[in-house]
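*Asks:*
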């Protein structure tokens, strides 16, 4: 999981091999600072008085306390009492972490938890309070009842810096309401390939938009401040992220490699950073990705020579979720190379304890120079002083009543309306006239999960519901309310009722995803719920159709666009679906509350090829009621091979082995199709002696999934126990899973964290055998599904097989 960086099934991506030709063409991954911009007027993070106080603190700190300051753990893997032994400097709540194991804890519980960690840290070691960070990337999105704004791709379509300012101010108030003082935002990526699963976290593919929004959002979150000022209680530290070029990786692969020249790196991908530093950004987050084969977490030329020295950044550089462990020669628990390159705070959510011990050893033996360690400590302390955490009268944050405040909800509603982009409106089907009979249908009509997207309550956002945001409104229900208020009639239904509707609004699009789970091989939207057939059937009945498309990126939707009378790109608008109704539905006076004002911040494809070859609509395109336009038939040919996707996360589905995996059986193992919960939806394996079955295929890199807390999952039924132990292997490492078997005759689910296999040497960068199940004579098991998936809870590791 990245916080600040953890579905769609991930697509098979072979390990990236960088040849000398590619490196020589683009550079070696070493930056020349002279080619980079200098922040023109950075707001001072520090002052002589603060530096003197930091000097005094550092002189009194033990080595153990200094090392603690540069390590951050996650609330799911530690407790406040751990700080008595390990004086960590920072705590985070990752995408699947909630107070006391409750993902749906309210604001008061969040505040209680933060205060417990804060109190424990003030009693421990040097008495330096912890810095608490959270993924508040489109509002305070971990917390039910918060105001959820459109994801950044929609805000980019709004082209409104003042709106960004008001969103940042509202978000800061809601984060601080729970006692938290640091958000891992804003994302300053400039996505260039829409296959990237984080494209929606970018405002635009145009670096000028990023450069304009960057300082506005930083100042909105933090406020404007000078050298002697502390942030007030309703402001929080920002994180400019992810440094650098995570939106420019080859193939749009998340955590991949940006194989580009330094000129392109500076001109496109660095556009937002100097403005963010000028605005006083207190933190910068390093990217998982690489530049020309060099991992950013270990790239001294970027983190130290460019960011700190050339650009003048005086705050702290934080890592991403165990990102330091991806540096060659490092592991999540052992990585001096990261801090020596310029990282100031390891994000070590579940690896913090062993990392602390190893970092302490490396500081003692000089592997980490004392000057570098103390500089990292200084930078962490600077941020804490600026936030008002230090001293006898620290700034106290915490006002749960501000969560989901009405004034914030109004800003979100406005943002939704301004983010909508009208791509087609034939026959003036929009706005929906007053008094109309309207059908709301489609999988997204009443889905808070689809309209909120990833990073909402949980990392992937797949189980978000309307109950999570009682002051919010799904798009369908918001339109029903607006139509009724205008004297019409509307209902949410799968098909039309007895009375033929005047218009149907079909809401459909992508299911929620986050990070690499959203990586795709092309830009084809492939419906999962018969959306095209639904639109076609409505048209055959003579019912005009308005298509409202929910997505984290522009996608090829040629058939849907040709079938629909109107087509609206609604992105992932968040909790306030009323903003959609404000634009689509006329009031009793015959006019909607708002016209369309959004325009594309990314090109829209006319086929599924990626990178995009020939856009259907360019950046800046967008129709409105005041500026109508005719859209003729568009291309329906994807112009790519839409063969079966090669899955790196799903191995067996409903008893069938999924490409590219192949099943191999030892001679003592027999297989046949059986019914588990449906007709022949499982495969039964029977052992006549000691042996195994295995799934084999081309090597895949699952380091991202290991970092993200994924598990190996089997859905199975135990038909006969047999004799001897049962083992499950992943990447050649076998664990004894005998204790995880369901009762005889019962179905069950086995989940083993991938970290359990990695800890014993599984080569997670090249897994060619993701599953091998071994047993002895008499063992009979029926398997329905097998694969790897993300989870939001801690699971113990089985023992290593003997």
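In the working numbering, the protein residues as written are 17 to 818. Glycine included, every Cβ here is placed at the ideal spot set by N, Cα and C.
#1: Tell me which residue opens and which closes the alpha helix (DSSP H) that residue 424 is part of.
#2: Alpha carbon to alpha carbon, how far is residue 694 from residue 483?
#3: Whose CA, out of 402, 415 and 360, lies closest to the CA of residue 389?
#4: Could you pull the start and end residues of the alpha helix (DSSP H) that residue 395 belongs to?
#5: Out of 757, 461, 762 and 618, which has the shortest C-alpha to C-alpha gap to residue 174?
#6: Assuming residue 257 and residue 210 are in contact, meaning their beta carbons sit under 8 Å apart, how far apart are those beta carbons, in whole angstroms?
#7: Can you list, in chain order, the residues of its chain with a C-beta nearer than 7 Å to that of residue 526? Leave out the 5 residues immediately preceding and following it.
#8: Under a Cβ-count criterion, where at least 16 other Cβ atoms within 10 Å of its own Cβ denotes burial, should residue 501 be classed as buried or exposed?
#9: Name the two residues that bound the continuous beta strand (DSSP E) containing residue 703.
#10: Can at least three beta-carbon pairs, one atom from the segment 415-433 and one from the segment 177-196, be found at a separation below 8 Å?
#11: Just to confirm, are residue 702 and residue 428 a CB contact at a threshold of 7 Å?
#12: When you compare only the Cα positions, how much space is there between residue 183 and residue 259?
#13: Residue 690 to residue 766, Cα distance in whole Å?
#14: Have a look at residue 100 and residue 534 and give me their C-alpha separation to the nearest angstrom.
#15: Cα-Cα, which of 532, 510 and 584 is closest to residue 549?
#16: Quick one: residues in its chain with C-beta nearer than 7 Å to the C-beta of residue 343, no 5 flanking neighbours on either side, listed in chain order?
#17: At the level of alpha carbons, what is the spacing between residue 650 and residue 94?
#18: With a threshold of 8 Å, are at least 3 pairs of Cβ atoms found where one atom belongs to the segment 568-585 and the other to the segment 148-161?
#19: Quick check on the burial criterion: 16 or more other C-beta atoms within 10 angstroms. Buried or exposed for residue 788?
#20: Looking only at its own chain, which residues have a Cβ that is under 8 Å from the Cβ of residue 602, when we skip the five neighbours before and after it?
#21: Going by DSSP, what residues sit across from residue 673 in a beta bridge?
#22: Could you pull the DSSP bridge partners for residue 144 from this structure?
#23: For the alpha helix (DSSP H) holding residue 66, just list the boundary residues, first then last.
#24: Check whether the Cβ atoms of residue 822 and residue 798 lie closer than 7 Å to each other.
#25: Between the Cα of residue 575 and the Cα atoms of 624, 605, 455 and 530, which residue gives the shortest distance?
#26: Quick check: the segment 264-283 against the segment 233-252, are at least 3 beta-carbon pairs closer than 8 Å?
#27: Could you spell out where the alpha helix (DSSP H) holding residue 82 opens and where it closes?
#28: Just tell me which of 111, 718 and 176 has its CA closest to the CA of residue 614.
#29: Could you name the residues of the same chain whose beta carbon sits closer than 7 Å to that of residue 124, not counting the 5 residues immediately before and after it, in chain order?
#30: Just mark residue 736 as buried or exposed, buried being the case when its beta carbon has 16 or more other beta carbons within 10 Å.
#31: Tell me the DSSP bridge mates of residue 712?
#32: Sort 778, 733 and 740 by Cα distance to residue 750 and report the nearest one.
#33: Who does residue 819 pair with in a DSSP beta bridge?
#34: If you reduce the DSSP assignment to three classes, tell me which class residue 731 lands in.
#35: Can you list, in chain order, the residues of its chain with a C-beta nearer than 8 Å to that of residue 811? Leave out the 5 residues immediately preceding and following it.
#36: On a Cα-Cα basis, can you pick out the residue from 632, 375 and 663 that is closest to residue 654?
*Replies:* The answer reads as follows:
#1: 422-435
#2: 32 Å
#3: 360
#4: 386-402
#5: 618
#6: No, residue 257 and residue 210 are not in contact; Cβ-Cβ is about 20 Å, not under 8 Å.
#7: 566, 567 and 568
#8: exposed
#9: Segment 698-703, the beta strand (DSSP E) holding residue 703.
#10: yes
#11: The answer is no: Cβ separation not under 7 Å.
#12: 23 Å
#13: 20 Å
#14: For residue 100 and residue 534, the gap between their C-alpha atoms comes out near 40 Å.
#15: 510
#16: 311, 313, 314, 351, 353 and 354
#17: Between residue 650 and residue 94, the C-alpha separation is close to 54 Å.
#18: no
#19: Residue 788 should be labelled buried.
#20: 447, 448, 449, 450, 502 and 608
#21: Answer is 668.
#22: Beta-bridge pairing links residue 144 to no other residue.
#23: 64-76
#24: The first residue shown for the chain is 17 and the last is 818, placing residue 822 beyond what the model contains.
#25: 624
#26: Verdict: no, contact absent.
#27: From DSSP, the alpha helix (DSSP H) with residue 82 extends over 79-85.
#28: 176
#29: So the qualifying residues of the chain are 416.
#30: Around the beta carbon of residue 736, fewer than 16 other beta carbons lie within 10 angstroms, which makes this residue exposed.
#31: Note: residue 712 sits in a beta bridge opposite 678.
#32: Measuring C-alpha to C-alpha distances from residue 750 to each of 778, 733 and 740 identifies 778 as the nearest.
#33: Limits of the chain in this structure are 17 at one end and 818 at the other, which puts residue 819 out of reach.
#34: Strand.
#35: 727, 767, 768 and 769
#36: Measuring from the Cα of residue 654, the nearest candidate turns out to be 632.
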